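Q:
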Ligand code: SF4
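What follows is the structure, encoded as structure tokens:
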């Protein structure tokens with residue numbers, strides 16, 4: 034047992050506070066654990082050269098993946114960029130790479146480990162790079178929720194649909210119960226498939242993507258959706274509410290996209306004349322309905338690439354991506370939807386010092402921060418991932 038550190042606060046910090054401060058570990062949490070080992074200082078002027086040299090020394094034995102929300106200082110060393118699903122598929126398509134370095138967050142590295150071969154090792158440069166949304170649905174909570182659905186007599190007609198942004202354990206639950214994984218690009222196809230198989234969907238863990246898909250894409254009403262709150266008895270719902278609902282939405286959200294509000298949309302329309310508002314479907318329903326266009330990160334990138342010079346855009350997604358798009362398209366006006374700066378704090382944990390530390394450790398034959406999903410969890414999670422791949426148009 035580690036002694037409680039004295040933080041000079043005059044009070045004993047809670048376990049959660051210690052975890053967030055990197056003073057404690059929780060291997061079961063998407064919040065991750067603190068990094069062991071010596072990181073190079075961020076002030077080292079040779080970091081870029083060191084990263085370049087280590088990557089060259091590793092050659093084809095390493096494949097570096099970078100999520101769109103990563104910092105530019107990291108993206109410059111990636112072999113491919115993309116959303117979580119594209120990156121997992123890219124990793125699976127590189128069997129010659131012994132090491133897959135995933136510059137993203139924990140659940141993405143888990144998916145890469147599930148989809149890559151036994152001989153490949155997936156590494157996350159900072160184990161504290163978790164995802165607050167994925168953390169909002171634990172395996173125990175979801176198992177209890179399924180018991181509630183069983184007692185209400187609806188489990189037999191309910192098909193789980195889980196967003197990629199969930200832990201391997203939640204993906205395995207989905208596979209065990211005949212469901213599918215979805216991404217923000219194919220959520221509509223996934224929910225339609227599930228509603229042909231059953232009469233209800235349990236959508237995990239992002240209530241906003243579930244609601245926006247049901248209402249905007251499938252034409253369901255808000256009254257067809259209920260929110261299951263795992264912190265309340267029976268999810269805060271009566272049996273009658275569960276029996277009447279078509280979409281049972283898990284009470285989870287993205288802390289980055291959840292910040293945008295209707296007021297942000299109204300404000301930017303006044304501030305930037307002629308602006309087109311383009312948002313991610315993880316935003317609240319009030320934001321999505323007020324926006325002009327809604328789509329995944331890949332959709333956002335393609336839309337901006339195809340936009341005419343002189344056009345004006347307000348984008349509601351993670352700030353690293355919006356800043357990069359603004360730099361890549363100086364002929365267009367591109368602004369962040371909120372006036373407040375908002376990066377994904379866990380994505381941002383992967384910085385150049387962590388990448389250099391990871392690559393140099395691999396050069397020395399030392400595999401740090403390996404992400405390994407146990408075989409039983411991986412087997413059922415892969416069932417759900419394979420089901421997604423079998424959906425039309427994926
Ligand atoms: S942007 Fe949101 S969903 Fe994506 S990793 Fe960060 S907290 Fe999770």
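In the working numbering, the protein residues as written are 34 to 427. For each residue, glycine too, the CB sits at the ideal point set by N, CA and C. What you are looking at is a predicted structure, and each value in this text was computed from that prediction instead of being measured.
Decide yes or no for the touch test of the segment 256-266 against the segment 213-228: beta carbon pairs closer than 8 Å, at least 3 of them.
A: no
Q: Does DSSP put residue 345 in a helix, a strand or coil?
A: Against the chain shown, residue 345 aligns to sequence position 312. Of the three classes helix, strand and coil, the one that applies to residue 345 here is strand, per DSSP.
Q: How would the residue list near the ligand SF4 read, in chain order, if you kept each one whose beta-carbon is closer than 7 Å to any heavy atom?
A: 102, 138, 164, 165, 166, 167, 198, 287, 288, 289, 290, 315, 351, 377, 379 and 380
Q: Using only CA atoms, which one of 358, 225, 154 and 148 lies nearest to residue 103?
A: Residue mapping note: residue 103 aligns to position 70 of the chain shown, counting from 1. Ranking the options by Cα distance to residue 103, first place goes to 358.
Q: Do you know how far the Cα of residue 339 is from the Cα of residue 426?
A: Counting from 1 along the chain shown, the entry for residue 426 is found at position 393. Counting from 1 along the chain shown, the entry for residue 339 is found at position 306. Between residue 426 and residue 339, the C-alpha separation is close to 22 Å.
Q: At what residues does the alpha helix (DSSP H) containing residue 335 begin and finish?
A: Counting from 1 along the chain shown, the entry for residue 335 is found at position 302. Unbroken alpha helix (DSSP H) run through residue 335: 330-339.
Q: What would DSSP say about residue 386, mapped onto helix, strand or coil?
A: The residue labelled residue 386 in the question sits at position 353 within the chain shown. Correct three-state label for residue 386: helix.
Q: Please identify the residue among 372, 413 and 380 whose C-alpha is closest to the C-alpha of residue 158.
A: To locate residue 158, count along the chain shown from 1; it is residue 125. Residue 380 is the option with its Cα nearest to residue 158.
Q: Between which two residues does the alpha helix (DSSP H) harbouring residue 369 extend?
A: Residue 369 sits at position 336 when you count from the first residue of the chain shown. Segment 366-369 is the beta strand (DSSP E) holding residue 369; no alpha helix (DSSP H) there.
Q: Quick check on residue 373: buried or exposed, where buried means 16 or more other Cβ atoms within 10 Å of its Cβ?
A: In the chain shown, counting from the first residue as 1, residue 373 sits at position 340. Classification for residue 373: exposed.
Q: Buried or exposed: residue 304, going by 16 or more other Cβ atoms within 10 Å of its Cβ?
A: By one-based count along the chain shown, residue 304 stands at place 271. Looking at its Cβ environment, which holds fewer than 16 other Cβ atoms inside 10 Å, residue 304 is exposed.
Q: Which runs of the beta strand (DSSP E), 3 residues or longer, sit entirely within the segment 186-248?
A: For the segment 186-248, whole beta strand (DSSP E) runs of length 3 or above, ordered along the chain, are 191-196, 213-215 and 233-237.
Q: Could you tell me the boundaries of the alpha helix (DSSP H) in which residue 102 lies?
A: Numbered from 1 along the chain shown, position 69 holds the residue referred to as residue 102. Counting along the chain, residue 102 falls outside any alpha helix (DSSP H), and DSSP gives it neither H nor E.
Q: If I follow the unbroken alpha helix (DSSP H) through residue 141, where does it start and stop?
A: Along the chain shown, read from residue 1 onward, the residue named residue 141 stands at position 108. It spans 139-148 - the alpha helix (DSSP H) in which residue 141 sits, taken as one unbroken run.
Q: Is the distance from the Cβ of residue 320 to the Cβ of residue 295 below 8 Å?
A: Taking the chain shown and counting its residues from 1, one reaches residue 320 at position 287. Taking the chain shown and counting its residues from 1, one reaches residue 295 at position 262. Yes. Within cutoff.
Q: Any idea what DSSP makes of residue 403, helix, strand or coil?
A: Mapped onto the chain shown, residue 403 falls at position 370. Strand.
Q: CA-CA distance, residue 197 and residue 163?
A: Along the chain shown, read from residue 1 onward, the residue named residue 197 stands at position 164. Along the chain shown, read from residue 1 onward, the residue named residue 163 stands at position 130. Rounded to whole angstroms, the separation of the alpha carbons of residue 163 and residue 197 is 14 Å.
Q: Report buried or exposed for residue 186, applying the criterion of at least 16 other Cβ atoms within 10 angstroms of its Cβ.
A: Your numbering for residue 186 matches position 153 in the chain shown. It is exposed - the Cβ of residue 186 has fewer than 16 other Cβ atoms within 10 Å.
Q: Can you check whether the CB of residue 259 is closer than 8 Å to the CB of residue 242?
A: For the purposes of this step, residue 242 is identified with residue 209 of the chain shown, where counting begins at 1. For the purposes of this step, residue 259 is identified with residue 226 of the chain shown, where counting begins at 1. By the CB criterion at 8 Å, residue 242 and residue 259 fall outside the cutoff.
Q: Going straight from the alpha carbon of residue 386 to that of residue 406, what length do you get?
A: Translated into the one-based positions of the chain shown, residue 386 becomes position 353. Translated into the one-based positions of the chain shown, residue 406 becomes position 373. Looking at the two C-alpha atoms, the distance is approximately 26 Å.
Q: Spatial neighbours of residue 391 within its chain, please: C-beta separation below 8 Å, excluding the five flanking residues on both sides.
A: For this step, residue 391 is matched to residue 358 along the chain shown. Excluding residues within five positions, the ones whose Cβ falls inside 8 Å are 134, 156, 158, 401 and 402.
Q: Please list the segments of the alpha helix (DSSP H) lying wholly inside the segment 240-313, counting only runs of 4 or more residues, in order along the chain.
A: 240-245, 272-277 and 295-304
Q: If we count the other Cβ atoms within 10 Å of its Cβ and call it buried at 16 or more, is residue 351 buried or exposed?
A: Taking the chain shown and counting its residues from 1, the one referred to as residue 351 is at position 318. Flag for residue 351 reads buried.
Q: May I have a chain-ordered list of the beta strand (DSSP E) segments no shorter than 3 residues that lie completely inside the segment 78-123?
A: With a minimum length of 3 residues, the unbroken runs of beta strand (DSSP E) contained wholly in the segment 78-123 fall at 95-100 and 113-115.
Q: Please tell me whether residue 423 and residue 204 are closer than 8 Å, where the distance is taken between their beta carbons.
A: Counting from one through the chain shown, the residue named residue 423 turns up at place 390. Counting from one through the chain shown, the residue named residue 204 turns up at place 171. Not in contact: residue 423 and residue 204 (Cβ atoms no closer than 8 Å).
Q: Is residue 327 helix, strand or coil when you go by DSSP?
A: Taking the first residue of the chain shown as position 1, residue 327 is located at position 294. In this structure, residue 327 counts as strand in the three-state DSSP scheme.
Q: Determine the burial state of residue 208: buried for a count of at least 16 other Cβ atoms within 10 Å of its Cβ, exposed for fewer.
A: Taking the chain shown and counting its residues from 1, one reaches residue 208 at position 175. Looking at its Cβ environment, which holds 16 or more other Cβ atoms inside 10 Å, residue 208 is buried.
Q: Verify whether the separation of the beta carbon atoms of residue 279 and residue 257 is less than 8 Å.
A: Walking along the chain shown from the start, residue 279 turns up at place 246. Walking along the chain shown from the start, residue 257 turns up at place 224. Yes, the pair counts as a contact, with Cβ atoms nearer than the cut-off.
Q: Starting from residue 153, follow the beta strand (DSSP E) in both directions and report where the run begins and ends.
A: In the chain shown, residue 153 corresponds to position 120, counting from 1. It is not in any beta strand (DSSP E) - residue 153 carries neither H nor E in the DSSP assignment.
Q: Would DSSP call residue 374 helix, strand or coil?
A: In the chain shown, the residue the question calls residue 374 occupies position 341. Reduced to three states, the DSSP call for residue 374 is coil.
Q: What's the gap between the Cα of residue 173 and the Cα of residue 383?
A: One-based indexing of the chain shown puts residue 173 at position 140. One-based indexing of the chain shown puts residue 383 at position 350. Going from the Cα of residue 173 to the Cα of residue 383 covers about 29 Å.
Q: Touching or not, the segment 229-236 and the segment 177-193, by the rule of three or more beta carbon pairs under 8 Å?
A: The segment 229-236, when compared against the segment 177-193, does touch it at the 8 Å Cβ threshold.
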